[in-house]
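Each step along the sequence shown adds one to the number in numbering that gives the first Met the number 0, with nothing skipped, and position 411 is 410. Beta carbons are placed, not taken as given, at the ideal position from N, Cα and C, and that holds for glycine. What you are looking at is a predicted structure, and each value in this text was computed from that prediction instead of being measured.
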Amino acid sequence: MTITPATHAISINPATGEQLSVLPWAGADDIENALQLAAAGFRDWRETNIDYRAEKLRDIGKALRARSEEMAQMITREMGKPINQARAEVAKSANLCDWYAEHGPAMLKAEPTLVENQQAVIEYRPLGTILAIMPWNFPLWQVMRGAVPIILAGNGYLLKHAPNVMGCAQLIAQVFKDAGIPQGVYGWLNADNDGVSQMIKDSRIAAVTVTGSVRAGAAIGAQAGAALKKCVLELGGSDPFIVLNDADLELAVKAAVAGRYQNTGQVCAAAKRFIIEEGIASAFTERFVAAAAALKMGDPRDEENTLGPMARFDLRDELHHQVEKTLAQGARLLLGGEKMAGAGNYYPPTVLANVTPEMTAFREEMFGPVAAITIAKDAEHALELANNSEFGLSATIFTTDETRARQMAARLECGGVFINGYCASDARVAFGGVKKSGFGRELSHFGLHEFCNIQTVWKDRI
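See the structure below:
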């Protein structure tokens, strides 16, 4: 049989170009079997009590820690994440299990409501099996931050993972099995686009959650809408990183480099548009370029390297095309800007200066290690530039004036604002965006409640 992306999911090591594995797309019988298991699993799981489910989350965390190095190595092998960052992803995911196990049950308690007879409560009921369509850039964390609260709420979770991280998908499923999660409560399926469409239409799927591109989110969101099913979308971003004249320059540069180049720049909520007030622009740019140039890029298994290969060869080509278009539009190249020779899928840390709002690097998401620097006349201009985007995931403001920072935060059109720090998702706070960055929230109590049937129970209302 000829193996192509039309017939199989294909996993390729981006550091070497070596084919790691292939897996045929699920057929109609596979999908039906998965849906039957999910329906049966949900029927039983919803009847379990919250304390039991919380304890099972702790078991998932333990099972994940028991396979931590195996999981980290798989992440590095399949999508090129530097090994220390892969280990951090595993640790963060295990800690998420513990956090929801400790705090989640209180978030699901019935809430008394102020009505005349004091006999109304809000209950958080399970919704059903949630179809999750997840990406490759954080192949463990993205799954866990959805699956953990969904399962705690009494729902089932059915994963369709990105085709280049099938090894990660298989290993995650093994972790849930190790933890004693019943078959059907957590499941995964190697489905293609047609298979996803079939599952969205099926009555055994209650809702859909998607992390991915704007194009994927729009397509899946439309299908969920047609089926009248709830959908949470966490999509792309082109996050502004604002540095005002009074900022701590050293701290701002350090955060900017980490915020742009972590995970080789392949982060939806990474800093991408650096909007620098003109009084500090020259000093910031000089230090930022020097710090980016000092980053070590190479074999992601080497603990000394902080940049690995990009995860997919087609995405490197797309990124380079965006860089070339931006340069042709008048931007200035300060660092990088060329695909690295050799078998690996490497793209160097790249810095573009003199980027203006009509240019590609300002208007489009740059999903890789490319920073675009734009100069703002003042704080008000910086705010206008930041909001001049179809995206609205997160933003950063660096300034020593906290009052001004909070005033600007109130006017930023995005789901998260970080003052004197760069964006990161955290179990304790809500994560999500506005505009074309999507809708709905993950994490915190908001993420837990997204896939609950929020039910009013009112006694003796006459």
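Exercise. In whole angstroms, what separates the C-alpha of A342 from that of T15?
Worked result: Along the sequence shown, one-based indexing puts residue 342 at 343. Along the sequence shown, one-based indexing puts residue 15 at 16. Going by the C-alpha atoms only, they are around 5 Å apart.
For this session: Mark D468 as exposed unless 16 or more other C-beta atoms lie within 10 angstroms of its C-beta, in which case mark it buried.
Result: Any answer about residue 468 is impossible in this case: the structure gives the chain only from 0 up to 461.
Problem set entry | Identity of the residue in K271, V369, E249, P299 nearest A282 by Cα | Against the sequence shown, residue 282 aligns to sequence position 283. Ranking K271, V369, E249, P299 by CA distance to the CA of A282 puts E249 first.
Exercise. Does the distance from the CB of F361 to the CB of N387 come in under 9 Å?
Worked result: For the purposes of this step, residue 361 is taken as residue 362 along the sequence shown, with counting starting at 1. For the purposes of this step, residue 387 is taken as residue 388 along the sequence shown, with counting starting at 1. Their beta carbons are under 9 Å apart, which means F361 touches N387 by this criterion.
Problem set entry | Distance, T284 Cα to F465 Cα | What is shown of the chain runs 0 to 461, which leaves residue 465 out entirely.
Exercise. Should the region 230-246 be regarded as contacting the region 208-219, the criterion being three or more beta carbon pairs within less than 8 Å?
Worked result: Verdict: yes, contact present.
Problem set entry | Buried versus exposed call for K435 [16 or more other C-beta atoms within 10 Å across all chains shown] | The residue you call residue 435 lines up with position 436 of the sequence shown. Burial check for K435: the Cβ neighbour count within 10 Å reaches 16 or more, so the residue is buried.
Exercise. How long is the line joining the alpha carbons of T455 and E277, rounded to whole angstroms?
Worked result: Indexing the sequence shown from 1 puts residue 455 at position 456. Indexing the sequence shown from 1 puts residue 277 at position 278. Going from the Cα of T455 to the Cα of E277 covers about 54 Å.
Exercise. If we call anything under 9 Å between Cβ atoms a contact, is A27 one with Q222?
Worked result: Here the question's residue 27 lines up with position 28 in the sequence shown. Here the question's residue 222 lines up with position 223 in the sequence shown. No.
Exercise. In this structure, does DSSP put Y481 in helix, strand or coil?
Worked result: Residue 481 falls outside the range modelled here, since the chain spans only 0 to 461, and no answer is possible.
Problem set entry | Span of the beta strand (DSSP E), counted from its first residue to its last, around R440 | Taking the sequence shown and counting its residues from 1, one reaches residue 440 at position 441. Following the DSSP letters along the chain, one finds R440 in no beta strand (DSSP E), marked with neither H nor E.
For this session: Quick one: measure Cβ to Cβ for G469 and M296, integer angstroms, because I've assumed they're closer than 8 Å.
Result: Because the chain here runs from 0 to 461, residue 469 falls outside it and cannot be looked at.
Exercise. Who are the near neighbours of A255 in its chain, counting only those whose CB is closer than 7 Å to its CB and skipping five residues on each side?
Worked result: By 1-based counting over the sequence shown, the position of residue 255 is 256. Hits under 7 Å: F240, A270, F273, F287.
For this session: Would you check if there are 3 or more beta carbon pairs closer than 8 Å linking the region 29-47 to the region 2-20?
Result: Here the region 29-47 does not lie against the region 2-20, with fewer than 3 beta-carbon pairs under 8 Å apart.
Exercise. Buried or exposed: where does I129 fall if 16 or more other Cβ atoms within 10 Å of its Cβ makes it buried?
Worked result: Mapped onto the sequence shown, residue 129 falls at position 130. Looking at its Cβ environment, which holds 16 or more other Cβ atoms inside 10 Å, I129 is buried.
Problem set entry | Enclosing alpha helix (DSSP H) for F41 [first to last residue] | What you label residue 41 is simply residue 42 of the sequence shown in a count that begins at 1. In the DSSP assignment, F41 falls within the alpha helix (DSSP H) that extends over 27-44.
Exercise. When DSSP builds the beta bridges, which residues end up paired with N230?
Worked result: Translated into the one-based positions of the sequence shown, residue 230 becomes position 231. The displayed chain sequence assigns Cys, not Asn, to residue 230. For C230, the beta-bridge partners assigned by DSSP are V207.
For this session: Assign D425 to one of three DSSP states: helix, strand, or coil.
Result: Within the sequence shown, residue 425 is the residue found at index 426, counting from 1. DSSP, reduced to helix, strand and coil, places D425 outside both helices and strands of the structure shown, so it counts as coil.
Exercise. Exposed or buried, which one is Q118 when buried takes at least 16 other CB atoms within 10 Å?
Worked result: Position 119 of the sequence shown holds residue 118. Around the CB of Q118, fewer than 16 other CB atoms lie within 10 Å, so the residue is classed as exposed.
Exercise. Excluding five sequence neighbours on each side, which residues of the same chain lie with their C-beta closer than 7 Å to the C-beta of D191?
Worked result: Counting from 1 along the sequence shown, the entry for residue 191 is found at position 192. The residues W24, in chain order, have a CB closer than 7 Å to that of D191 in the same chain once the five nearest residues on each side in sequence are set aside.
Problem set entry | Range covered by the alpha helix (DSSP H) that runs through Y51 | On the sequence shown, residue 51 is found 52 positions in, with the first residue counted as 1. Its alpha helix (DSSP H) spans residues 49-65.
Problem set entry | Cβ shell of D177 (< 6 Å), same chain only, five flanking positions each side left out | Numbered from its first residue, the sequence shown carries residue 177 at position 178. Once the five neighbours on either side are set aside, the close Cβ partners of D177 are A62.
Exercise. What first and last residue would you give for the beta strand (DSSP E) that runs through K271?
Worked result: What you label residue 271 is simply residue 272 of the sequence shown in a count that begins at 1. K271 -> beta strand (DSSP E) spans 270-276.
Exercise. What number of angstroms, rounded off, separates the C-alpha of R410 from the C-alpha of N163?
Worked result: Within the sequence shown, numbered from 1, the residue matching residue 410 stands at position 411. Within the sequence shown, numbered from 1, the residue matching residue 163 stands at position 164. About 39 Å.
Problem set entry | DSSP state of M165 mapped onto helix, strand, coil | Walking along the sequence shown from the start, residue 165 turns up at place 166. Shown here, M165 sits in a helix according to DSSP, grouped into three states.
Exercise. Per DSSP, G155 forms a beta bridge with which residues?
Worked result: Numbered from its first residue, the sequence shown carries residue 155 at position 156. According to DSSP, which records beta bridges pairwise, G155 is partnered with T128.
Exercise. Mind checking whether L447 and L157 have CB atoms under 9 Å apart?
Worked result: Translated into the one-based positions of the sequence shown, residue 447 becomes position 448. Translated into the one-based positions of the sequence shown, residue 157 becomes position 158. In this structure, L157 does not lie closer than 9 Å to L447 by Cβ.
Problem set entry | Cα-Cα separation between L139 and D459, rounded to whole angstroms | For the purposes of this step, residue 139 is taken as the residue at position 140 of the sequence shown. For the purposes of this step, residue 459 is taken as the residue at position 460 of the sequence shown. Cα-Cα distance, rounded: 47 Å.
Problem set entry | E46 versus G40 - alpha carbon distance | Within the sequence shown, the letter at position 47 stands for residue 46. Within the sequence shown, the letter at position 41 stands for residue 40. Cα to Cα, E46 sits roughly 10 Å from G40.
Problem set entry | Bridge-paired residues (DSSP) for G432 | Counting from one through the sequence shown, the residue named residue 432 turns up at place 433. According to DSSP, G432 bridges with nothing at all.
For this session: Tell whether a beta-carbon distance below 9 Å holds between A404 and I418.
Result: Working through the sequence shown from its first residue, we reach residue 404 at position 405. Working through the sequence shown from its first residue, we reach residue 418 at position 419. Yes, these two residues count as a Cβ contact at 9 Å.
Exercise. Taking the Cβ atom as the reference point for each residue, do A330 and A375 lie within a distance shorter than 9 Å?
Worked result: As a working mapping, residue 330 is identified with position 331 in the sequence shown. As a working mapping, residue 375 is identified with position 376 in the sequence shown. Cβ distance not < 9 Å, so A330 and A375 don't count as in contact.
Exercise. Whole-angstrom Cβ separation of R144 and L95, contact assumed at under 8 Å?
Worked result: The sequence position of residue 144 within the sequence shown is 145, counting from 1. The sequence position of residue 95 within the sequence shown is 96, counting from 1. 6 Å between Cβ atoms; contact.
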